[in-house]
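Working notes, beginning with the structure itself.
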Amino acid sequence: MKKSRPILWILIIAAVASAGYYGWQKYGHSAGKTQTAEKGPSRPSAVPVSVAPAQKVDFPVYLTGLGTVQGFNTVQVRTRVDGQINKLAFKEGQIVQQGELLVSIDPRPYQATLDQAKAKKAQDEASLANANLELQRAMKLGEFATAQRVDTQRSTVAQLTAQIAADDAAISNAQTQLDYTQVKAPITGVAGLRQVDVGNIVNASTQTGIVTISQVEPIAVIFTAPEDQLPYISEGQKTGALKVIAFTTDGKKTLAEGKLAVINNQVDTASGTVRLKAVFDNKDHALWPGQSVSTRLLVRTLKDATVVPDDAVQHSTNGLYAYTVNQDNKAEMHKIKVSYAIDGHSVIEEGLSPGQQVITGGQFKVQPGSLVSTAVASSNPAPAQNKVRQE
Numbered sequence: 008m009k010k011s012r013p014i015l016w017i018l019i020i021a022a023v024a025s026a027g028y029y030g031w032q033k034y035g036h037s038a039g040k041t042q043t044a045e046k047g048p049s050r051p052s053a054v055p056v057s058v059a060p061a062q063k064v065d066f067p068v069y070l071t072g073l074g075t076v077q078g079f080n081t082v083q084v085r086t087r088v089d090g091q092i093n094k095l096a097f098k099e100g101q102i103v104q105q106g107e108l109l110v111s112i113d114p115r116p117y118q119a120t121l122d123q124a125k126a127k128k129a130q131d132e133a134s135l136a137n138a139n140l141e142l143q144r145a146m147k148l149g150e151f152a153t154a155q156r157v158d159t160q161r162s163t164v165a166q167l168t169a170q171i172a173a174d175d176a177a178i179s180n181a182q183t184q185l186d187y188t189q190v191k192a193p194i195t196g197v198a199g200l201r202q203v204d205v206g207n208i209v210n211a212s213t214q215t216g217i218v219t220i221s222q223v224e225p226i227a228v229i230f231t232a233p234e235d236q237l238p239y240i241s242e243g244q245k246t247g248a249l250k251v252i253a254f255t256t257d258g259k260k261t262l263a264e265g266k267l268a269v270i271n272n273q274v275d276t277a278s279g280t281v282r283l284k285a286v287f288d289n290k291d292h293a294l295w296p297g298q299s300v301s302t303r304l305l306v307r308t309l310k311d312a313t314v315v316p317d318d319a320v321q322h323s324t325n326g327l328y329a330y331t332v333n334q335d336n337k338a339e340m341h342k343i344k345v346s347y348a349i350d351g352h353s354v355i356e357e358g359l360s361p362g363q364q365v366i367t368g369g370q371f372k373v374q375p376g377s378l379v380s381t382a383v384a385s386s387n388p389a390p391a392q393n394k395v396r397q398e
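Residues in the sequence shown are numbered consecutively from 8, following our numbering.
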């Protein structure tokens with residue numbers, strides 16, 4: 008009897024549990040169904056999306072490209088006389104001024120030539136003075152001097168006068184050669200790495216220069232543009248020099264702003280591009296000769312353009328489209344045409360109007376007529392210097 012009591016208690020507990028479960032199934036579940044039925048069919052939930060307004064703004068169209076920085080003027084300094092270098096008066100990388108001494112070459116041989124030319128002139132001047140005296144004496148003799156003697160003396164005076172003129176030329180040439188021993192900067196710019204050292208012998212016939220000087224204030228950038236943009240560039244040039252912005256090659260840092268100076272006189276038929284030259288003041292030396300840069304050329308400005316964030320533009324097999332939100336918070340689909348796109352913003356040529364709320368996020372859950380709940384996204388126009396591409 009003692010052993011059967013636990014079994015009896017277990018059977019009692021099981022019976023109570025079964026009765027409770029049956030009661031819950033019968034009354035509790037039925038009550039839940041009744042409450043659900045009273046509430047009626049469930050309404051579809053709103054799709055959360057981000058929206059931004061289509062804006063009406065003046066939209067600058069920039070043409071992007073890659074360019075190379077060049078010194079506005081670049082000169083390879085060479086010697087014009089032969090001799091040994093006595094002095095280097097500049098440092099590599101130094102900004103030298105026009106007319107500043109760069110190199111001094113041994114001047115003694117050229118000084119000697121100059122002194123010799125001066126001495127020769129003095130000798131000829133003495134001979135001329137004597138010839139003039141002889142001519143005066145012959146003329147004073149009157150009829151006692153033969154005509155031949157007078158004519159000969161006049162000829163001697165003329166020859167010596169011409170000789171003195173030749174002496175002056177020789178002196179000028181010798182002085183020029185002497186001056187060439189002082190090699191001076193022909194332009195203001197940055198001196199590069201020197202090619203010679205003190206004690207080297209240089210001569211005018213060699214092609215190796217002493218140093219290269221590049222003018223960096225102002226400085227130039229050579230870049231290319233597609234030939235189909237040439238009409239817009241030429242038209243813009245008629246109203247003034249077009250603005251050009253130089254960036255680092257990754258496009259993240261602005262280096263300088265300048266003006267378009269030259270359009271090359273012919274199009275490269277092989278690449279279908281035209282070479283352009285822009286000039287920058289470069290007071291801070293942000294641009295350096297030989298540097299590769301990314302360029303932005305302001306071709307034109309679209310007045311009162313309709314601009315939306317790039318995220319609003321969707322792609323399909325039938326073309327581009329965008330969703331807008333109407334007054335009933337329902338999504339509407341619009342086929343659109345994009346003329347230009349900037350990093351982050353697009354110009355809508357057809358399909359949208361300024362002020363419409365376009366969906367910029369959550370479109371993958373949206374269908375035409377879907378109920379949406381909106382959150383405002385940023386719609387500030389992209390900076391003008393950003394990259395532009397034409398659709």
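Glycine included, C-beta positions come from ideal geometry on N, C-alpha and C.
Measuring straight from C-alpha to C-alpha, what distance separates residue i and residue j?
i: residue 258; j: residue 179; result: 56 Å
i: residue 359; j: residue 318; result: 15 Å
i: residue 199; j: residue 127; result: 43 Å
i: residue 202; j: residue 84; result: 10 Å
i: residue 71; j: residue 301; result: 7 Å
i: residue 341; j: residue 65; result: 23 Å
i: residue 91; j: residue 204; result: 10 Å
i: residue 274; j: residue 241; result: 13 Å
i: residue 298; j: residue 285; result: 14 Å
i: residue 287; j: residue 80; result: 13 Å
i: residue 276; j: residue 215; result: 36 Å
i: residue 372; j: residue 61; result: 21 Å
i: residue 125; j: residue 87; result: 22 Å
i: residue 246; j: residue 343; result: 33 Å
i: residue 291; j: residue 224; result: 9 Å
i: residue 283; j: residue 69; result: 15 Å
i: residue 115; j: residue 93; result: 11 Å
i: residue 333; j: residue 348; result: 25 Å
Classify residue i as buried or exposed, calling it buried when 16 or more other Cβ atoms lie within 10 Å of its own Cβ.
i: residue 211; result: exposed
i: residue 352; result: buried
i: residue 20; result: exposed
i: residue 220; result: buried
i: residue 131; result: buried
i: residue 173; result: exposed
i: residue 265; result: buried
i: residue 375; result: exposed
i: residue 289; result: buried
i: residue 370; result: buried
i: residue 324; result: exposed
Less than 8 Å between the CB atoms is what I'm expecting for residue i and residue j, so what's the real figure, rounded?
i: residue 327; j: residue 345; result: 6 Å
i: residue 74; j: residue 228; result: 4 Å
i: residue 117; j: residue 184; result: 5 Å
i: residue 192; j: residue 103; result: 4 Å
i: residue 196; j: residue 222; result: 4 Å
i: residue 76; j: residue 226; result: 6 Å
i: residue 109; j: residue 190; result: 5 Å
i: residue 403; j: residue 331; result: The shown model of the chain, from 8 to 398, leaves out residue 403, and the question about it has no answer.
i: residue 312; j: residue 320; result: About 15 Å; that fails the 8 Å criterion.
Between which two residues does the beta strand (DSSP E) holding residue i run?
i: residue 240; result: Not the beta strand (DSSP E): residue 240 falls in the alpha helix (DSSP H), residues 237-244.
i: residue 362; result: Taken as a continuous stretch (DSSP letters only), residue 362 belongs to no beta strand (DSSP E), as it is neither H nor E.
i: residue 250; result: 250-254
i: residue 200; result: Unbroken run through residue 200: none, as it is neither H nor E.
i: residue 381; result: 379-383
i: residue 66; result: 62-78
i: residue 233; result: 226-233
i: residue 299; result: 299-316
i: residue 285; result: 280-287
i: residue 322; result: 321-323
i: residue 261; result: 261-275
i: residue 349; result: 344-349
i: residue 93; result: 90-95
i: residue 215; result: First-last for residue 215: undefined, no H or E at that position.
i: residue 294; result: No beta strand (DSSP E) holds residue 294; DSSP gives it neither H nor E.
i: residue 83; result: 81-84
i: residue 326; result: 326-332
i: residue 4; result: Residue coverage of the chain in this structure runs from 8 to 398, which leaves residue 4 outside it and unanswerable.
i: residue 52; result: From DSSP, residue 52 is part of no beta strand (DSSP E); its letter is neither H nor E.
i: residue 191; result: 189-191
Among the residues of its own chain, which have a CB less than 8 Å from the CB of residue i, if the five just before and after it don't count?
i: residue 182; result: 121
i: residue 8; result: Residue confidence is low: residue 8 scores 46 on pLDDT, short of 50, so the model does not pin down where it sits. No coordinate-derived value is stated.
i: residue 243; result: 249, 305, 306, 307
i: residue 254; result: 260, 261, 262, 300, 301, 302, 303, 392
Leaving aside the five residues before and after residue i along the sequence, list all residues of the same chain whose C-beta is less than 7 Å from its C-beta, in chain order.
i: residue 40; result: Interpretation of residue 40 is limited by its pLDDT of 49, a score under 50 that renders its predicted location unreliable; the figure taken from the coordinates is listed afterwards. Result list for residue 40: empty, nothing under 7 Å.
i: residue 135; result: 164, 167, 168, 171
i: residue 279; result: 233, 234
i: residue 160; result: 138, 141, 142, 145
Identify, in the order they occur along the chain, each residue of the same chain with its Cβ nearer than 6 Å to the Cβ of residue i, setting aside the five sequence neighbours on each side.
i: residue 82; result: 193, 194, 220
i: residue 377; result: 54, 338
i: residue 382; result: 57
i: residue 187; result: 87, 88
i: residue 97; result: 103, 109, 198
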